[in-house]
Structures are given as structure tokens and as C-alpha cells.
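Chains as they are written, first to last, in my numbering: chain B, -1 to 186; chain Z, -1 to 186; chain D, -1 to 186; chain E, -1 to 186.
Backbone N, C-alpha and C fix where the C-beta goes; we use that ideal spot for every residue, glycine too.
All figures in this text were calculated on a predicted structure; none of them were measured in a lab.
One structure below.
Number of protein chains: 4
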Amino acid sequence: MARARSPEKRAAILEGAVLEIAENGLGAATAKIAQRAGVAEGTLFTYFANKEELLNELYLELKGEVYARVNAGFPQKASLERRAQHVWTTYLDWAIEFPMKRKASVLLNVSDVITADTRARAAIGRELVDAALTELEGRGGLKGLPAGFAAATMSAIQEAAMDFIAKYPKQRKDLTERGFLLLWRAVK
Amino acid sequence: MARARSPEKRAAILEGAVLEIAENGLGAATAKIAQRAGVAEGTLFTYFANKEELLNELYLELKGEVYARVNAGFPQKASLERRAQHVWTTYLDWAIEFPMKRKASVLLNVSDVITADTRARAAIGRELVDAALTELEGRGGLKGLPAGFAAATMSAIQEAAMDFIAKYPKQRKDLTERGFLLLWRAVK
Amino acid sequence: MARARSPEKRAAILEGAVLEIAENGLGAATAKIAQRAGVAEGTLFTYFANKEELLNELYLELKGEVYARVNAGFPQKASLERRAQHVWTTYLDWAIEFPMKRKASVLLNVSDVITADTRARAAIGRELVDAALTELEGRGGLKGLPAGFAAATMSAIQEAAMDFIAKYPKQRKDLTERGFLLLWRAVK
Amino acid sequence: MARARSPEKRAAILEGAVLEIAENGLGAATAKIAQRAGVAEGTLFTYFANKEELLNELYLELKGEVYARVNAGFPQKASLERRAQHVWTTYLDWAIEFPMKRKASVLLNVSDVITADTRARAAIGRELVDAALTELEGRGGLKGLPAGFAAATMSAIQEAAMDFIAKYPKQRKDLTERGFLLLWRAVK
DNA sequence: GATGAATGAGGTTTCATTCAT
DNA sequence: TATGAATGAAACCTCATTCAT
């Protein structure tokens, strides 16, 4: 059952999953994941009913981690631009700091193992971000477009920016700032 | 002479691969792919040495198909904006028309089975697009950023746009146009 | 603790391998071997990483079994002739008693799956035999010939003797004795 | 059918089989054999009904080749010792000259694909050898032992000798001569 | 709860043989 | 006759999951 005795072990398994998935894709073997986590093959299944659940939980964990970062220090009273920039920068920093997590996150995202329910649950914790992005969507460039388009666009440009930051780490600061400018010009 | 290798059969296998991958991810079974293509399990391996080669060939095929479309009717003499818009629209149309191909393309793209060599070979046929995008990179929004950033940004925004067009097909025209405007404002 | 790996199961797999190989050669299917051993196909691979390892381990097992027999009751203080005869007789008896093992052993021997390392490791446990045969090589018939030639010659004549004993089991005793006489006259 | 149009092609296939079998054992793929022979996969089956027949034919070919050599220049009127030595030397020379053929021959010999009928047919052409060996069997060391034991013993010692000649080619002459002496002392 | 041996379905790939060309 | 594409059974091996310990 999913009643975890040791949160450390649970975390270790998720961590192992990140590494294995980043290296071998979603086809990563549960046995390898367990091994990386330093637990027995069977132990994995006392923390997660099956592989699918593990992947969905991992998705939630990764999203949750990012949102927690974004929410901490969120400049709630600042201008829309400052708030948007906070979201932009925080996520970019996280992705650069944890490239494996980002890789796993991307793979989970495009796969079909993540259920609609999981995606919905991942939205919780994203209220502040959503509020800012919704405000953005009332603006010039995005007015009239479907809800969520701003978020999608931002995240899309971020993916591009991240790939380049990964390739040219020295230009990280520049790419982060100029990337946001690009976005801002697009949507403002 | 013995029977000649049939381009139709090769195409059928690639087509089967697209469908299976779109439904089941890159873990799609070669046996299922062969079945979809209407050939025997073993036949797949007379056309592709192994699954990895099949996936790499499929990648080339999909990229090639898109570039062929883009190149056909490319307004070489037109303004940069018109050329950029041509690229934008053509790719978007292709992706909307063949959602399975797009899905497979995305999965291949983020996976690690596509070799650097294959990615390099895929670049052939993209000269016109590259020329336009390179010109774009000399412009205001992107000046000084690494080469390829324009292409990445465009493709990133396109991915976002496509997701929404898939969800709201009725707004296709609007999303296509407004999406490009977004991009254009960002980079000009 | 989980279930411990069972030496009985390991032995059963090796036993199954002997039978299958004796009947079908080294091409014997791992599935058939597992079936003979009364375990699941997959179980075989928890005991041996792959078929090659299984074959190498089997080789060691068979050699080890013979040497154990030879060493038990080895007349260490007796004359060279008596010691040589002990080796001769013991091996011959083993081969007659376990024709399947001998068959498997022969096939493994001439195949290329047995690594140099395995062959080297098999030498351990053969010290007594080697000592006797080395002493033999200092004698008339073999003096000046490369080390190991005595062993090779003995084993060669034994192979011949065994084939005949297999064909004429009633003359077993006579063939065993006369065969040794042959050898002895050759090398003394 | 086995009605060969081109003896050259047939020979090429057998030659290819020798090389492939020497390298990969009897599991050698017919396609690879055909490739080595410079003919198409299917062509192999116009010369040999199936793989089993190919292997049996190859066995006959190899045995035939050796016996042809032995018979050519057979000192029919010479002493038994000289005749035995002729057999000994000729075979050893052949095996040293064509190590691949010898390897294939050994593998075929210990396998079960060679039918009793094939083995019987291989005996044709061995009359001179058999006559000499039969005479040998009437002698001291072998008297009373089953027919064929002399041949088996000789061939057994030869195998040992060959292994060593292969390892120490410089001692070839010495090993050939001393090996025969060994045999001769054993049986005379 | 933790462990890892056991399982067997399923995956990729090979291969002898057939047969259209 | 020669060719090599086509076939599908069968080979080796992996893996998610179960369960005895």
C-alpha cells in the first residue's frame, strides 16, 4: 500500500526515478530505480502501488517542488512585469540547477502515463502563478486567446532558453534576462 | 533478380511506427508496428537493421516531410516577415493535419535514441528556413544571442500554439495568426 | 530477508543444461533447460547472467566434479605408474557413469564459448594430476616435448577408449586396463 | 535440388561453410555462409536441400579430401611402420595447413547432425588406411581389442599433437616425428 | 515493513527456408 | 538458375509484479 513508513525512502525512490528516467527514459526499470534508491526491488512497491503510480507521483513531486520555489518570495504586490519575471527566473533557475529533474519532467509531460487527474492535482499550488498569468492574458498581445495560452507560451520560450543555457552556461545571466525581454515584448 | 525492396512497404512500416508510437510511446513494439504495416515481424528488419535505426529513419522522414512542405512555395524574395510567417504557417498546418506525426516527432525529439548524426542529417533541406531565421537573429530582439535561438523560440511558441489549436480547432485561424504576431513582436 | 538463492535450483539448472546440451548441442534453448530444471524461464537468469555464463559455469562444474573424484583417494605416495593409472581409471569411470556429462563436456571443450579465464580457473583443483603428468613428461617418451603434452595425450587416448567402452560396455574392464597399458607403453 | 549446375559455386559454398563454422560453430547462419561464398542466400538451397544436408556434404568433402591426400603416394608395399607413418604425417600436414577445415571437421564430428549413413559413406576411400590400421590391430599392443581402436587411438593422439603444433609451430617437425614414435611404441 | 528470488508474458532480433521475380 | 525479400517460429533476455521468508 501507499502508506509510506519512511518518507526518506519514498524520497530516495523518487530521486532514483529521476536519475534513471533522465538516463534511460520512461522505460527505466523499476529494479534499477530501486537500486539507485538503495532499497530492494520489492520495497518500491510498498511505497507505490505500481510503476504508473510512481510516475504520476513523481510528476506531482516535481511540479510541487517548482511551485514551492516560485511561491516562496513571490512579489505579490509588485507590478505584473516583476511578477512575471519572478516566475520566469525562478523556474529557469530550478531547471538549470536540476537538469535531471527537468529532463524527467519533460518526458513525463509528453508521455501519456500522466492522467488528467494528476495534471489537475498538479495545478494546486499554482494559484499565484496562475493569477499573474491570467492577468497577463487580459493584456494586448494575448487578449481573446484561450486561457492558459500565456502559461504555455512562457513555458515554451523557457524550454528554448533552457536548452541554450545548458549549451552556453556562461551566457546564463544574459540568456535569462534577454529571454524574458523577448517574452515580455511578445505579450505586453 | 529477386523481388525488389518495395518503397511502399518501407513507407507502410514508417506509417505504422507513427501510429503505434503516437499511441504507446517509443516503447511501441516492433511486432505491433509490423502488424499495422501489414507485413511480417521479420520483414521490418529487412528494411531497418534494428529498432533504433527505424526510429532514426522515422525522425529523418518526418523532418524531411515538413521541410519539403516549407520549401515548396517558399517566398524567397519576400520580406523577412512574410518568409517567417510562411515557415510558421506551413509547419503549423502540417502539425494540425497530422497530429500523430507530430506526436511521434515530439517523442523522438526529446528521446535519446536520435543520434547527433541523425540530427545533423536532418538539417539538410532546412537551408531556406535557416537562412530566414538567421536573418531574424540579426534583428533587435535576438541580436547577440546564440545562433539557433530564433529557431528554437519559434518552434517553442509553435508547440504551445499547436497544443491549443488541437484543443480549440475552431480558433485555428485566429491562433495561427495571433501566434505569429506574438512571435513577431518578440523578435522584431 | 527474502528467499535465499537455492543451491538446489542452481544445480537443477546445470543438470538440465547437461541433458539438453547432450541431446541438442550447445544450441540448446535456455527455455528448454529451465523447463528440465523445473523452474521458470526467467529464473535461469537469476542464477546465470546469460547463456554464455551458464555454459562457462557448467564447464567449471563438470571439470570440478572430475577433479574432485580424482583427488579423492589419490595415491600420492605411490609410483608414477600407479598414480597415472589412478587418473586414467577415475576419469574413465566418471565418463562412463555420466555419458551425458561427458558429451556436454566435449562440446563445451571444442566450442569457443569457454573463455580463457574459465579454462584457467578450471585448472585449479588439478594440482595433483598436473604434478603426476609433469613427472611423466620428464620421462623417456615425452622428454623435450612441450609441457601439457602428456595430459593432452592421455586425455586423447581416453576419449578413444571411452567411445569404445560406450559401444562395447561388456569389455569395459578390459578396455580400461589395456587402454592404460597402451598409454603407459607410449610414454614410459 | 541437389543437382549442381556450377561445381565452382558448390565448392565456394562449402568453403564458406568451413570459414563460418570455424568462426561461429555449427550455429553459423546459412545467409552468412552464402555471403562468404559470394552467392545469394537462396542459391545455397539450390545446391543443398537444407542446412543439415549441407553439413553432411561438408563432412564428406572434408573426409574425402584427407583420404585423397593419404591415398596419393601411399607406400603400399612398405613396412607397416612406414605405412602408418605415412597416414600419420599426411593427416597432420593437412590439419596444419588448413586449420579452419580441421576446426569445422572436429565440430561436425562431435555433433549429432552427421548421420550414420554419412559416416558410413565417408569410410569409402579409406580402404588403404583401414587395411594398414587393421594390420596394426593384429599386433601386440592392440590384439584382442575391438576393430577400429587403432584408428581411434591414432586419431586421438593426432588431435593432441595438432593442438600443440598449432601452439608451437616451430616445433612442428619434432612434434610430428616424436608424436608418431609415441604412437608406435604404444601399439607395436 | 523489507527483501530479493521467482515468475512468465512480452520484447527485440535471428534464421532456415520459401517463392515471386 | 539465381536472387534476396518475405516469412514467422523460436531464440535470448528483460521486466513489472508477487510472495515466501
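Asked                                                                                                                                  : Found
C-beta atoms of Leu180/E and Ala184/D nearer than 8 angstroms                                                                          : yes
Whether Phe46/D touches Glu55/D by CB criterion (8 angstroms)                                                                          : yes
Length-filtered (4 minimum) alpha helix (DSSP H) runs lying within the stretch 60 to 122 of chain D                                    : 78 to 95, 97 to 108 and 114 to 121
Gly177/D Cβ short of 7 angstroms to the ligand FAD heavy atom set                                                                      : Questions concerning the ligand FAD fall outside what the structure shown contains, since it holds no ligand whatsoever.
Length at least 3, wholly inside the stretch 150 to 185 of chain E: the beta strand (DSSP E) runs in chain order                       : none
Buried or exposed by the 16-neighbour rule on C-beta atoms within 10 Å, applied to Thr132/E                                            : exposed
Within 8 angstroms, strictly: CB atoms of Ala120/E and Ala158/D                                                                        : no
Helix, strand or coil at Val16/E [DSSP, three-state]                                                                                   : helix
Contacts of Asp161/Z in chain B (Cβ-Cβ under 7 angstroms)                                                                              : Ala150
Minimum C-alpha distance to Lys165/Z - residue among Glu175/B, Leu143/B, Gly138/B and Met160/B                                         : Leu143/B
Beta-carbon contacts of Asp128/E that lie in its chain and below 8 angstroms, excluding the five residues immediately before and after : Ala121 and Ala149
Straight-line gap, Ile11/D to Tyr89/Z (C-alpha atoms, nearest Å)                                                                       : 58 angstroms
8 angstroms Cβ cutoff, Ala26/E in contact with chain D                                                                                 : no
Straight-line Cα distance separating Ala0/D from Ala82/B                                                                               : 53 angstroms
Cβ of Val251/E within 8 angstroms of any chain D Cβ                                                                                    : Not covered by the structure: residue 251/E. The range shown for chain E is -1 to 186.
Of the listed residues Ser109/D, Val64/D, Thr41/D and Asn48/D, nearest to Gly123/D (C-alpha basis)                                     : Val64/D
Cβ of Arg176/E within 8 angstroms of any chain D Cβ                                                                                    : yes
Member of Glu18/Z, Arg8/Z and Arg170/Z whose CA lies at the smallest distance from the CA of Arg103/Z                                  : Before going further, note that residue 103/Z is Ser rather than Arg in the sequence given. Measuring from the Cα of Ser103/Z, the nearest candidate turns out to be Glu18/Z.
Terminal residues of the alpha helix (DSSP H) in which Gly23/B lies                                                                    : Element bounds for Gly23/B: n/a, residue is neither H nor E.
Chain B within 8 angstroms of Phe147/Z, Cβ atoms only                                                                                  : yes
Nearest-angstrom beta carbon gap, Ile94/D and Arg170/D [assumed within contact, 8 angstroms]                                           : 7 angstroms
Chain E within 8 angstroms of Ala154/D, Cβ atoms only                                                                                  : yes
Minimum Cβ-Cβ distance from Asp110/B to chain Z less than 8 angstroms                                                                  : yes
N-terminal and C-terminal residue of the alpha helix (DSSP H) that Ala38/D is part of                                                  : Taken as a continuous stretch (DSSP letters only), Ala38/D belongs to no alpha helix (DSSP H), as it is neither H nor E.
Test: Gln169/E CB closer than 8 angstroms to a CB of chain D                                                                           : yes
Closer than 8 angstroms to chain E by CB, Tyr57/D                                                                                      : no
Nearest-angstrom Cα separation, counted from Leu105/D out to Ala20/D                                                                   : 8 angstroms
C-beta neighbour in chain D for Met(-1)/E, strict 8 angstroms                                                                          : With a pLDDT of only 43 at Met(-1)/E, under the threshold of 50, the placement of this residue in the model should not be trusted; the figure read from the coordinates follows. Chain D contact via Cβ: absent.
DSSP three-state assignment for Ala0/Z, whether helix, strand or coil                                                                  : coil
Any chain E beta carbon closer than 8 angstroms to Glu18/D                                                                             : no
Closer than 8 angstroms to chain D by CB, Glu157/E                                                                                     : yes
Minimum C-alpha distance to Gln74/E - residue among Glu13/E, Glu125/E and Pro5/E                                                       : Glu125/E
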